[in-house]
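Under the working numbering, residues 365 to 996 are what the sequence shown spells out, in order.
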Amino acid sequence: MPAVPLHWSWSLPAVVEPSPLLGLDLPLALRCVLRRRGFTSRSEAETFLSPSDLPPTSDHFPDLDQACARLVKACRASERVAICGDYDADGMTSTALLLRALGPLGADPEPAIPSRMDEGYGLNPAMVQRLYDDGVRLLVTVDNGVAAGEALDLAASLNMQVIVTDHHTIPAKRPPMAALIHPATTPDGSPYRGLAGVGLAYVLAHAVAEALNKPEAIRVARDLFCIGTVADMAPLVGANRSWLLEGLNHLHRSECRGLQALQRLAGLGERPLTAEDIGFQLAPRINAVGRLGEPKLVVDLLTAEDSDSAMALARRCDDFNRQRRDLCDAIEAEAVALVEAETSDALPSFLLLAQSHWHHGVIGIVAARLMERYHRPTALLAGDGDGCLRASVRGPVGFAVDEALSSCSDLLSRFGGHPAAGGFTVKAEHVHALHERLCEQADGWLMTQALGRPVQPDALLHLNDVNWELWRHLQSLAPFGIGHPKPLFWSRGVTVEERRDLKGGHLALRLRQGDSERRAIAWRWDPSAVVPESCDVAYSISINRWQGEQRLQLELKAIRAHTELVLIDRGTRQYTACWTEMSGLTLTNGDGKTLQAKIEQEKSLTSDDDLARDTRVVQLMEEACLGLGLRP
Numbered sequence: 365m366p367a368v369p370l371h372w373s374w375s376l377p378a379v380v381e382p383s384p385l386l387g388l389d390l391p392l393a394l395r396c397v398l399r400r401r402g403f404t405s406r407s408e409a410e411t412f413l414s415p416s417d418l419p420p421t422s423d424h425f426p427d428l429d430q431a432c433a434r435l436v437k438a439c440r441a442s443e444r445v446a447i448c449g450d451y452d453a454d455g456m457t458s459t460a461l462l463l464r465a466l467g468p469l470g471a472d473p474e475p476a477i478p479s480r481m482d483e484g485y486g487l488n489p490a491m492v493q494r495l496y497d498d499g500v501r502l503l504v505t506v507d508n509g510v511a512a513g514e515a516l517d518l519a520a521s522l523n524m525q526v527i528v529t530d531h532h533t534i535p536a537k538r539p540p541m542a543a544l545i546h547p548a549t550t551p552d553g554s555p556y557r558g559l560a561g562v563g564l565a566y567v568l569a570h571a572v573a574e575a576l577n578k579p580e581a582i583r584v585a586r587d588l589f590c591i592g593t594v595a596d597m598a599p600l601v602g603a604n605r606s607w608l609l610e611g612l613n614h615l616h617r618s619e620c621r622g623l624q625a626l627q628r629l630a631g632l633g634e635r636p637l638t639a640e641d642i643g644f645q646l647a648p649r650i651n652a653v654g655r656l657g658e659p660k661l662v663v664d665l666l667t668a669e670d671s672d673s674a675m676a677l678a679r680r681c682d683d684f685n686r687q688r689r690d691l692c693d694a695i696e697a698e699a700v701a702l703v704e705a706e707t708s709d710a711l712p713s714f715l716l717l718a719q720s721h722w723h724h725g726v727i728g729i730v731a732a733r734l735m736e737r738y739h740r741p742t743a744l745l746a747g748d749g750d751g752c753l754r755a756s757v758r759g760p761v762g763f764a765v766d767e768a769l770s771s772c773s774d775l776l777s778r779f780g781g782h783p784a785a786g787g788f789t790v791k792a793e794h795v796h797a798l799h800e801r802l803c804e805q806a807d808g809w810l811m812t813q814a815l816g817r818p819v820q821p822d823a824l825l826h827l828n829d830v831n832w833e834l835w836r837h838l839q840s841l842a843p844f845g846i847g848h849p850k851p852l853f854w855s856r857g858v859t860v861e862e863r864r865d866l867k868g869g870h871l872a873l874r875l876r877q878g879d880s881e882r883r884a885i886a887w888r889w890d891p892s893a894v895v896p897e898s899c900d901v902a903y904s905i906s907i908n909r910w911q912g913e914q915r916l917q918l919e920l921k922a923i924r925a926h927t928e929l930v931l932i933d934r935g936t937r938q939y940t941a942c943w944t945e946m947s948g949l950t951l952t953n954g955d956g957k958t959l960q961a962k963i964e965q966e967k968s969l970t971s972d973d974d975l976a977r978d979t980r981v982v983q984l985m986e987e988a989c990l991g992l993g994l995r996p
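And the structure:
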């Protein structure tokens, strides 16, 4: 997320006491992070930090036993099995996972992934017919298939059996299939609810290997699970967190030659990897192939048995990744110019931009960048031939992309997705009406948003608190990702000692607070933006590795001018808060009426005014304390 200056809205959460988490071997700031994320007892927090054993998957997936039985039969008969994947990192790692698992288990698996440019997303009738004509009678879809009604109807008519593993939205009328392995079929509260396609493939492969008593067949499966799960931005809670915690410990020593080659190219060394290493170094090199080339390249890479051929394939992935970066930068620049040329007044609540020459493979990345830049749900459309356009959609937290597209189904030729992202195909003559309908969908969501993009820090830190001891404790909360993001800290009243503008539009700062100095980086910073000399900063903490050395750095998400006053918005009402040693906390409403409170040693608020006992007023005072840096 690019750091941007003063027009950010700082949303400071109500102060919560971390007292229920006393006894945890964590600094106060990290106990506050856990408390604000819903952990109300020490036992809950300890279970999260050290997950207990997961329940049997067969108890949570109703069709798993029959899917497993069918694949066991295929393995014992050396039957051909088509693995019908997708062209993103989740789909390609899922495909490679089942190829590497089912082969040693006795089956004869083969990949069947559609071309992004020629066939579009997922299982399609032409693919089914082609596989049938080639003698295949059993298909397993990974990361797709649940909504492929026409293809599944055709397979049923040809007496082909299809096992569907998918995590996309299940249609109201379920197409025919031999078995469905889907998170939505698990019980409420299941730890398997957040699995991506590769997680479902892992569940299936593990069940088959267990049934055949050949656990060695899936040694590499956990490694591929880690890559696909992080790359697909699956929520890192439940089973995803448990399996990632185990998998990340040995991923750097993976037996997969392709992953070894990618790690060498990325310069990750021999150290244990993090979710960030996957998300920023490995996953882009895999995803770039599906976006710009043929996904079979990645499947070949992840199933390669020879180190030399794996390195050659990895270098081709690296080339595609460089092309992807250049394309994204060019399309983003063009898209931003379109937005700023067409919106002289207010931005529409839903951004929809179309250019026939844009590349289908990267418009999703650019849509995500524009969504972050403008804090709006965003769709980018590229030409698809025959008077149609194909789109990628990204939505901010709280806006459900899949529901918005469903409400416009009468205008769309094809659509699908989940709350955070989706895609659709639309005829050119319907684009204007579609945009109006999507703006109507986004209007209600936008009314709930503060002016600018919200930044909600988790806890206050002094720069002196940012040290290796804090980093060590912070790692006990990892891995971080969707559903469990990196903690966002903030520091109040820091001084900018040095500013350097770097290549690529990045900003480097040296910050001081008292006797402490820390280096900070702001990615994709607007070079024309003013950086106040005295400011408050919101940031995550990371490690900067350079020439064999490593040091902690602040990754800035927002900067605002430091002030001794805090403004609190409450709908149509505003309150001002300030604090002095002599007067304590003073809260002033729009009519000029004031309320004063003292902060006692035990960090509790006391006031002689009866109004201060009102829970709404107490919450206002607590938020004021947080904004003024009086509490974590």
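Glycine included, C-beta positions come from ideal geometry on N, C-alpha and C.
Keep in mind that this is a model prediction, so the values were computed, not measured.
Boundaries of the alpha helix (DSSP H) around glutamine 624: 621-629. Under the DSSP definition of a beta bridge, asparagine 908 partners with Arg915. Per DSSP, the continuous beta strand (DSSP E) segment holding aspartate 865 begins and ends at 853-866. With the rule of 3 Cβ pairs closer than 8 angstroms, the segment 488-507 counts as touching the segment 524-537.
Rounded to whole angstroms, the separation of the alpha carbons of glycine 787 and isoleucine 729 is 12 angstroms. Put simply, the backbone Cα of valine 397 is about 11 angstroms away from that of histidine 848. Our two residues, glutamate 767 and lysine 962, have alpha carbons roughly 48 angstroms apart in a direct line. Taking lysine 850 as the centre and dropping the five residues before and after it, the same chain places the C-beta of Phe844, Ser904 closer than 6 angstroms to its C-beta, in chain order. DSSP links tyrosine 903 through a beta bridge to Phe853, Leu920. Unbroken alpha helix (DSSP H) stretches of 4 residues or longer found wholly inside the segment 752-829: 765-770, 795-811, given in chain order. The shortest CA-to-CA distance from glycine 654 to any of Ala595, Ala697, Gly878, Ala548 is the one to Ala595. Segment contact: the segment 734-742 against the segment 754-766, three or more CB-CB distances shorter than 8 angstroms; contact assigned.
Membership of isoleucine 885 in any alpha helix (DSSP H) is not indicated; the residue belongs instead to the beta strand (DSSP E) covering 880-886. Nearest Cα to glycine 509 within the set Arg494, Gly563, Gly449, Leu753: Gly449.
Here methionine 675 has Ala625 as same chain residues with Cβ atoms under 6 angstroms from its own Cβ, once five neighbours each way along the sequence are excluded.
The segment 593-607 makes contact with the segment 556-564; the number of CB pairs closer than 8 angstroms reaches 3 or more. Valine 894 counts as exposed, since fewer than 16 other C-beta atoms from the protein chains shown sit within 10 angstroms of its C-beta.
Between the alpha carbons of arginine 494 and isoleucine 923 lies a gap of roughly 56 angstroms. Collapsing the DSSP output to three states places proline 473 in a strand.
Burial is judged here by how many other beta carbons sit within 10 angstroms of a residue's own beta carbon; lysine 437 has fewer than 16 and is exposed.
For the pair alanine 699 and leucine 717, the CB atoms are nearer than the 9 angstroms cut-off. Cβ-Cβ distances below 8 angstroms link leucine 838 to Leu394, Pro851, Ile905 in the same chain, with the five nearest sequence neighbours on each side left out; the list follows chain order. By the neighbour-count definition (other C-beta atoms within 10 Å, threshold 16), histidine 796 is an exposed residue. With a threshold of 16 other beta carbon atoms within 10 Å, glutamate 696 meets it and is buried. Taken through DSSP and simplified to helix, strand or coil, leucine 711 comes out as coil. If the five residues before and after glycine 470 are omitted, its C-beta is found closer than 7 angstroms to the C-beta atoms of Cys439, Arg440, Ser442, all from its own chain and listed in chain order. Per the DSSP secondary-structure output, tyrosine 939 pairs in a beta bridge with Ile932.
With a 10 Å radius around the Cβ and a threshold of 16 neighbouring Cβ atoms, leucine 931 comes out exposed.
In this structure, DSSP gives aspartate 748 an extended state, which the three-state scheme calls strand.
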